[in-house]
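Colleague:
Number of protein chains: 2
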Amino acid sequence: MKSIKFAVLLLAVLAVLVLSCNQQPSATNTGSDPLPSWNDGTSKQAIIDFVKNSIDSTSKGFVPVADRIACFDNDGTLWTEKPLPFQLFFVIDRIKALAPQHPEWKTQQPYKGILEGDLKSALAGGEKALFEMLMTTHAGMTTDEFDKTVKDWMATATHPKTGKHYNEMVYQPMLELLNYLRANGYKTFIVSGGGIDFMRVWVEQAYGIPPYQVVGSSLKTKYDTTRTPPVFIKLAEFNFNDDKLGKPVGIHQHIGKRPVFTAGNSDGDYAMLQYTSTGSGPHFGMIVHHTDLMREYAYDRDDKLARLNNGLNDAKKYGWIIVDMKTDWKKIYSFDEKTESDVTKE
Amino acid sequence: MKSIKFAVLLLAVLAVLVLSCNQQPSATNTGSDPLPSWNDGTSKQAIIDFVKNSIDSTSKGFVPVADRIACFDNDGTLWTEKPLPFQLFFVIDRIKALAPQHPEWKTQQPYKGILEGDLKSALAGGEKALFEMLMTTHAGMTTDEFDKTVKDWMATATHPKTGKHYNEMVYQPMLELLNYLRANGYKTFIVSGGGIDFMRVWVEQAYGIPPYQVVGSSLKTKYDTTRTPPVFIKLAEFNFNDDKLGKPVGIHQHIGKRPVFTAGNSDGDYAMLQYTSTGSGPHFGMIVHHTDLMREYAYDRDDKLARLNNGLNDAKKYGWIIVDMKTDWKKIYSFDEKTESDVTKE
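Going down the list, the sequences are from chains A and B. The C-terminal residue of the first sequence carries number 345 in numbering that gives the first Met the number 0, and the numbering is unbroken. The C-terminal residue of the second sequence carries number 345 in numbering that gives the first Met the number 0, and the numbering is unbroken.
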């Protein structure tokens, strides 16, 4: 009897091992909701239908594993971008931190405006002023030095409205979407107008996206062999602007394959959504629509920094899903309490 | 008793399932030789030692999965590059194919030289001539058109010495090394001076390396929305030269992480080998030394296109393994018959 009991015990252990052994990267966990922070509705259903079809080799919507490329904008799509894009807060904070070494900034724009908390006067100098601030805070140092600065800033700086660290302000429903796609054999990429070096420091931890799957804007970099060991120097010269028409170019350059799934939130993402949606095979485009003034921010056609106008106009034409943050998402952030819409649903 | 027999049977089935359930991407197949085309010796042993340590969390040489980045040069490291780099054969063949539409080429260098089979006179114009031939054959078309041209050429053109298609002339021992690294959790990247668009057409099939893990030289590309659907146009302007000091820059730009394993064969790879070998953690650098005049080609310090001089001089300093193709490799290509060294070993 002892040996039978042992066999049964062993059986149970082996059964657990087999059940936990997920050999199929394309297998979906059909038993539980893969998108628990999404309210039931057309957006959630469209995502699930697309993904399910894409892994079903008998479906018209089937996508071979090698083609399962998913691209995500970052600012406003994976994390908040208001009241200012977070990388701009980094610029402002860096200027304040560097100010003691630059007494001349007290009377010199755009620095004067930043130091006095008058962003409007700082930005009055237009692109030239912005370029100068960018280069002051992003160039002239090694990549290691820059990485450390971003890391330290991310660990200490907080958002003016929520008081949370910026990398905590990632959208819980989008984290679930990234995981859901990856669990079904998709490679998830960031394709952002933000700085590639700025993002790579923290996105692996925040989103599970490794540095080689990040496409972004960049400065030219020099491999400087005059130091031992050699280092990379960030030069005060633009290398690539990964925004608008630059996004498909960035995708071509970095990924070399047309995505089948793309998510964005502003007209800066229009071209990459269009590129995705003009492929000959199955494809999915979605736009995160900022409609939730209570839990996040509400902006679209009239926004100056993240205008969403053409995307809304042409969504029907290209079959893009408009995700309504207010009604489609139970939670915005992982730290959100249960919300009204959440309670209503239960 | 029936239920006991059933339990035992189920036990057996489950045991088989568990044993076949390979959850660990870092597990090595210890039972068989992972590098069968490599002769036993210091090179093979050094590779195996490094990889085994890198997946052993109790070893000083352990490398976390996220850091298992391996970079490979292409020309002369993964496939043959003689008598000319194969992309140059593509240029020559394209000029011949396009000549009927350009009667003026009969009297115009560098085309005249190419059409008359006089490469020396064609290249007499130096970099300017080479640039002109490159742009004539690589720019002014859509990326889809270019891809098709490369694909068709690869399927038809043959090597002047072996008579094989160029993508058959990949090194069998290196294919095994790529597979061995991937089986142990490494991401394998190509980092080549060759054209990124040229390589992406065929490397996935040849090496199992997806397009987003290819780093190479490129022309600027325009996303042209005046066509429906929009297309990419290859412009006659250099975007990036992924050679020499450009290789670490390409790695930083594209991968965003220092490799721990790098293989090259010429001084064009020196900087990326050095970048790999000046990391603070475990690292491995290897140089494929072309020593086999009978089975392939023999060249190093005096070669004009693929000189290997500094690499040989500094191999000891950086701990780079010099792989001797003649003695270290049983086979060069998969189509090779058993060779003398192979027979000697048995």
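We put the beta carbon where it would ideally sit given N, CA and C, even for glycine.
Determine the closest residue to residue 259 of chain B out of B:65, B:33 and B:34, with distance taken between C-alpha atoms.
Modeller: When only C-alpha atoms are compared, the closest one is B:65.
Colleague: What are the start and end residues of each continuous beta strand (DSSP E) run of 3 or more residues lying completely inside the segment 55-116 of chain A, in chain order?
Modeller: Correct list: 68-71.
Colleague: Does any CB atom of chain B fall closer than 8 Å to the CB of residue 65 of chain A?
Modeller: Output row for residue 65 of chain A: interface = yes.
Colleague: How about residue 120 of chain A and residue 108 of chain A: do their beta carbons lie closer than 8 Å?
Modeller: Their beta carbons are under 8 Å apart, which means residue 120 of chain A touches residue 108 of chain A by this criterion.
Colleague: In angstroms with no decimal places, state the Cα-to-Cα distance between residue 240 of chain B and residue 131 of chain A.
Modeller: Straight-line Cα distance between these residues: approximately 28 Å.
Colleague: Nearest to residue 142 of chain A by CA position, among A:222, A:236 and A:115, is which residue?
Modeller: Cα-wise, what sits closest to residue 142 of chain A is A:222.
Colleague: If we call anything under 8 Å between Cβ atoms a contact, is residue 328 of chain B one with residue 172 of chain B?
Modeller: Yes, these two residues count as a Cβ contact at 8 Å.
Colleague: Please check the pair residue 72 of chain A and residue 263 of chain A, which I expect to be a contact at CB under 8 Å, by giving their CB distance rounded to whole angstroms.
Modeller: Indeed, because the Cβ distance is near 4 Å, the residues count as touching under 8 Å.
Colleague: Shorter than 8 Å from the beta carbon of residue 254 of chain B to some beta carbon of chain A?
Modeller: Cβ-Cβ to chain A under 8 Å: yes for residue 254 of chain B.
Colleague: What residue does the alpha helix (DSSP H) around residue 253 of chain B start on, and which one ends it?
Modeller: 245-253 is the span of the alpha helix (DSSP H), which, as asked, contains residue 253 of chain B.
Colleague: Any C-beta of chain A within less than 8 Å: which residues of the segment 281-303 of chain B qualify?
Modeller: Listed by position along the chain: nothing, the set is empty.
Colleague: So the candidates are B:80, B:114 and B:31; which of them puts its Cα closest to the Cα of residue 305 of chain B?
Modeller: Checking every option, the nearest Cα to that of residue 305 of chain B belongs to B:80.
Colleague: Specify, as a first and last residue, the run of the beta strand (DSSP E) that residue 238 of chain A falls within.
Modeller: 230-239 is the span of the beta strand (DSSP E), which, as asked, contains residue 238 of chain A.
Colleague: Looking at the secondary structure, which residues open and close the alpha helix (DSSP H) in which residue 218 of chain A lies?
Modeller: Here residue 218 of chain A belongs to no alpha helix (DSSP H); instead the beta strand (DSSP E) covers 213-223.
Colleague: Using the C-alpha atoms, what's the distance from residue 127 of chain B back to residue 101 of chain B?
Modeller: Rounded to whole angstroms, residue 101 of chain B to residue 127 of chain B spans 19 Å at the Cα level.
Colleague: Using a Cβ cut-off of 8 Å, which residues of the segment 51-64 of chain A contact any Cβ in chain B, in chain order?
Modeller: For the segment 51-64 of chain A, which is checked against every Cβ of chain B, not one residue is closer than 8 Å.
Colleague: Quick one: what does DSSP say residue 145 of chain B is sitting in, helix, strand or coil?
Modeller: Reduced to three states, the DSSP call for residue 145 of chain B is helix.
Colleague: Can you list the residues of chain A that residue 158 of chain B reaches, using a CB-CB cut of under 8 Å?
Modeller: Neighbours of residue 158 of chain B on chain A: none; closest Cβ ~26 Å, over 8 Å.
Colleague: Grouping DSSP H, G and I as helix and E and B as strand, with all else coil, what is residue 150 of chain A?
Modeller: In this structure, residue 150 of chain A counts as helix in the three-state DSSP scheme.
Colleague: With three or more C-beta pairs closer than 8 Å as the rule, is the segment 291-307 of chain B touching the segment 33-47 of chain B?
Modeller: Too few Cβ pairs lie closer than 8 Å, so no.
Colleague: Please classify residue 256 of chain A: does DSSP put it in a helix, a strand, or coil?
Modeller: Of the three classes helix, strand and coil, the one that applies to residue 256 of chain A here is coil, per DSSP.
Colleague: Report the rounded CA-to-CA distance for residue 155 of chain B versus residue 117 of chain B, giving the unit in angstroms.
Modeller: Near 23 Å, if we compare the C-alpha coordinates of residue 117 of chain B and residue 155 of chain B.
Colleague: Candidates A:166, A:57 and A:123: which alpha carbon is nearest residue 88 of chain A's?
Modeller: Nearest option by C-alpha distance: A:166.
Colleague: The alpha helix (DSSP H) with residue 329 of chain A in it runs from where to where?
Modeller: Neither: residue 329 of chain A is in no alpha helix (DSSP H) and is coded neither H nor E.
Colleague: Let's test the definition: count the other Cβ atoms within 10 Å of the Cβ of residue 192 of chain B and tell me whether it reaches 16, buried, or not, exposed.
Modeller: Flag for residue 192 of chain B reads buried.
Colleague: Say whether chain A places a C-beta atom closer than 8 Å to the C-beta of residue 329 of chain B.
Modeller: Closer than 8 Å: no.
Colleague: Show which residues of chain A have a CB atom less than 9 Å away from the CB atom of residue 258 of chain B.
Modeller: Within 9 Å Cβ-Cβ: nothing; residue 258 of chain B doesn't reach chain A, min ~11 Å.
Colleague: With 16 other CB atoms within 10 Å as the buried threshold, where does residue 199 of chain B fall?
Modeller: Buried: at least 16 other Cβ atoms inside 10 Å.
Colleague: Measure the C-alpha to C-alpha separation of residue 129 of chain A and residue 111 of chain A and round it to an integer number of angstroms.
Modeller: Residue 129 of chain A and residue 111 of chain A: Cα-Cα distance of roughly 13 Å.
Colleague: Return no unless some Cβ of chain A is closer than 8 Å to the Cβ of residue 217 of chain B.
Modeller: By this cut-off, residue 217 of chain B is an interface position.
Colleague: Look at the alpha carbon of residue 319 of chain A and the alpha carbon of residue 139 of chain A, and state the distance between them as a whole number of angstroms.
Modeller: Using only the alpha carbons, I get a separation of about 42 Å.
Colleague: Since residue 137 of chain A is in the alpha helix (DSSP H), which residue starts that stretch and which ends it?
Modeller: First-last of the alpha helix (DSSP H) with residue 137 of chain A: 125-137.
Colleague: Quick check on residue 265 of chain B: buried or exposed, where buried means 16 or more other Cβ atoms within 10 Å of its Cβ?
Modeller: Flag for residue 265 of chain B reads buried.
Colleague: How long is the line joining the alpha carbons of residue 164 of chain B and residue 148 of chain A, rounded to whole angstroms?
Modeller: Each residue's alpha carbon lies about 51 Å from the other.
Colleague: Would you mind working out which of B:133, B:174 and B:69 sits nearest residue 194 of chain B, comparing C-alpha positions?
Modeller: Measuring from the Cα of residue 194 of chain B, the nearest candidate turns out to be B:133.
Colleague: What are the residues that DSSP puts in a beta bridge with residue 164 of chain B?
Modeller: For residue 164 of chain B, which the question treats as bridged, DSSP gives the partners B:157.
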